[in-house]
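Participant: Please see the structure below; I have some questions.
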Ligand SMILES: Nc1ncnc2c1ncn2[C@@H]1O[C@H](COP(=O)(O)OP(=O)(O)OP(=O)(O)O)[C@@H](O)[C@H]1O
């Protein structure tokens, strides 16, 4: 089946505006596939549902953020890294990789602020840069990478390990409860972690920063936002040496108030930017369900269970206690679901996400903790049980929808051109208006699915995943 995009009655919009990516080089004196996964059967309510991948289609389509006219070979990568890439099944670079890698790898190193839609391969771009720049004979930290959650740090590490499989790279985590308290000296070349633990290890000089030459912030807008992890990230940066190092900031979103600050943190950066209307990928079809009240949301979720378990699904709630409550109720009623949030301890969090990654759990009920970056190809459905709101991020703010978090949440599906579905639950005027604001900001139609018509639900979902 080909992945040509059509507008249909379900509101799946063909991109009429070609996704343009703007690349800006620093002004002279301004501060420095697998592929489209497609169900091969429309039998959504049977377990015979499969996902096949036809990477070449989308990477050959100039309208796609996965498009590539170039090859990894042309990028002058070390043969050991090329081997690693091919072993991972990466045949050619995606658009962001094709544009960013020559800039990231050029000498002298230049900073980079890179934006590209979720699931389009940003990780490989910064991982390849770290792996290309470190000196494997020097047993000192040389690349520091920060991510907003331990789950994402662990995922980035797995990409480094896979891509660096044919090199002698040594890596270490800076995440909670990973190193023994009496660890004294990290000799690994690449360290990946969350900012709090990274600061701690740097302050205690367990990490010697003298030789650091690359500093990466994944999900950079969140890492720099003063209402997010900005303060902690700045602490890490202030502990880095005064000698020049390359700063790389990547995210699918850069809201205006962070964009300016990002340019200060990464001076004279090359910039790859997206326009507002290009923020969300077109292969995720967005729906909403009009629920009667909070309790009805729960009933609807339960009625969706069969659909949720065909591939894998992530259900996002506003609060940890909601995630736990729903998960306990559904479990008591005989459904198999797991819940994950920041109040669980480190080893439990690792076990839960690992089980989900391995497909042993099919439904994960969670909070914004894994809204960003998590890449699990089988996830074909995301449910916003509660819409993301600004006041979850910014204390005391009003109840405006949090557009950036929405983009990241729905981006947990539709990875690297695969098809995916997102469903928003609305249950009163306020949530309806919030959803309308999301729809307006993204310029994408969010289609209604009837809550009392399971057949309609099934038909629309089948069509969306086809
Ligand atoms: N060149 C490539 N060829 C084939 N698959 C690729 C390529 N680059 C990346 N991928 C795959 O695409 C998926 C998405 O990549 P990645 O997680 O880096 O996206 P991202 O842009 O960082 O997304 P997010 O914004 O959600 O963090 C991964 O499963 C990755 O293995």
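Residue numbers (the numbering used here): 2 to 467.
Glycine included, every Cβ here is placed at the ideal spot set by N, Cα and C.
Bear in mind that the values here come from a model prediction, so they are computed numbers and not experimental data.
1) Would residue 243 be called buried (16 or more neighbouring beta carbons within 10 Å of its own) or exposed?
2) Is residue 208 helix, strand or coil by DSSP?
3) Does the beta carbon of residue 416 fall short of 6 Å from some heavy atom of ligand 1?
4) Could you tell me whether the stretch 143-161 touches the stretch 100-115, where touching means 3 or more Cβ pairs closer than 8 Å?
5) Between the C-alpha atoms of residue 415 and residue 123, what's the straight-line distance to the nearest angstrom?
6) Helix, strand or coil for residue 139, going by three-state DSSP, please let me know.
7) Is the beta carbon of residue 135 less than 7 Å from the beta carbon of residue 190?
8) Thinking C-alpha only, which one of 420, 290, 338 and 295 is nearest residue 310?
9) At what residues does the beta strand (DSSP E) containing residue 439 begin and finish?
10) Look at the alpha carbon of residue 247 and the alpha carbon of residue 130, and state the distance between them as a whole number of angstroms.
11) To which residues of the same chain is residue 371 closer than 6 Å at the C-beta, ignoring the five residues directly before and after it?
12) How would you call residue 451, buried or exposed, if buried means at least 16 neighbouring beta carbons within 10 angstroms?
13) Residue 340 and residue 348: beta carbons closer than 7 Å?
14) Use the C-beta contact count for residue 44: other C-beta atoms within 10 angstroms, 16 or more gives buried, fewer gives exposed.
15) Grouping DSSP H, G and I as helix and E and B as strand, with all else coil, what is residue 152?
16) Where does residue 22 land, buried or exposed, given buried means 16+ other C-beta within 10 angstroms?
17) Report the start-end ranges of each alpha helix (DSSP H) in the stretch 83-136 that is 4 residues or longer and not cut off at the edges.
18) Look at residue 368 and residue 389 and say whether their C-beta atoms are less than 7 Å apart.
19) Would you check whether ligand 1 has a heavy atom nearer than 6 Å to the C-beta of residue 245?
20) Do residue 410 and residue 317 have their CB atoms nearer than 7 Å?
21) In this structure, how does DSSP classify residue 421 when only helix, strand and coil are distinguished?
22) In this structure, how does DSSP classify residue 270 when only helix, strand and coil are distinguished?
23) Can you look up residue 449 in the DSSP assignment and give me helix, strand or coil?
24) Comparing C-alpha positions only, which one of 143, 408, 312 and 298 sits nearest to residue 245?
25) How many Å lie between residue 250 and residue 453 at the Cα?
26) Find the nearest neighbour of residue 101 within the set 445, 232, 455 and 121, judged by alpha-carbon distance.
27) Identify whether residue 454 lies in helix, strand or coil by the three-state DSSP scheme.
28) Please state the DSSP three-state secondary structure of residue 529.
29) Once you ignore the five residues that flank residue 221 on each side, which residues in its own chain have a CB closer than 7 Å to its CB?
30) On the DSSP bridge list, what partners appear for residue 367?
31) Quick check on residue 383: does DSSP put it in helix, strand or coil?
32) Using 10 angstroms around the beta-carbon of residue 320, count the other beta-carbons present and answer buried if the total reaches 16, otherwise exposed.
33) What does the alpha-carbon distance come out to for the pair residue 374 and residue 78?
34) Just curious, the beta strand (DSSP E) that residue 352 is in, first and last residue?
35) Quick one: what's residue 175 bridged to in DSSP?
36) How big is the Cα-Cα spacing for residue 314 and residue 463?
Facilitator: Working from what's here:
1) exposed
2) coil
3) yes
4) no
5) 15 Å
6) coil
7) yes
8) 338
9) Here residue 439 belongs to no beta strand (DSSP E); instead the alpha helix (DSSP H) covers 430-443.
10) 10 Å
11) 152
12) exposed
13) no
14) Residue placement at residue 44 cannot be trusted, given a pLDDT of 31 that sits under 50; what the coordinates show is reported in the next sentence. Looking at its Cβ environment, which holds fewer than 16 other Cβ atoms inside 10 Å, residue 44 is exposed.
15) helix
16) Bear in mind that the predicted position of residue 22 carries a pLDDT of just 48, short of 50, making it unreliable; the figure below should be weighed with that in mind. By the 10 Å Cβ count, residue 22 comes out buried.
17) 96-106 and 123-134
18) no
19) no
20) yes
21) strand
22) coil
23) strand
24) 143
25) 45 Å
26) 121
27) coil
28) Residue 529 falls outside the range modelled here, since the chain spans only 2 to 467, and no answer is possible.
29) 250, 251, 252 and 263
30) 317 and 341
31) strand
32) exposed
33) 25 Å
34) Counting along the chain, residue 352 falls outside any beta strand (DSSP E), though it belongs to the alpha helix (DSSP H) covering 347-358.
35) 194
36) 15 Å
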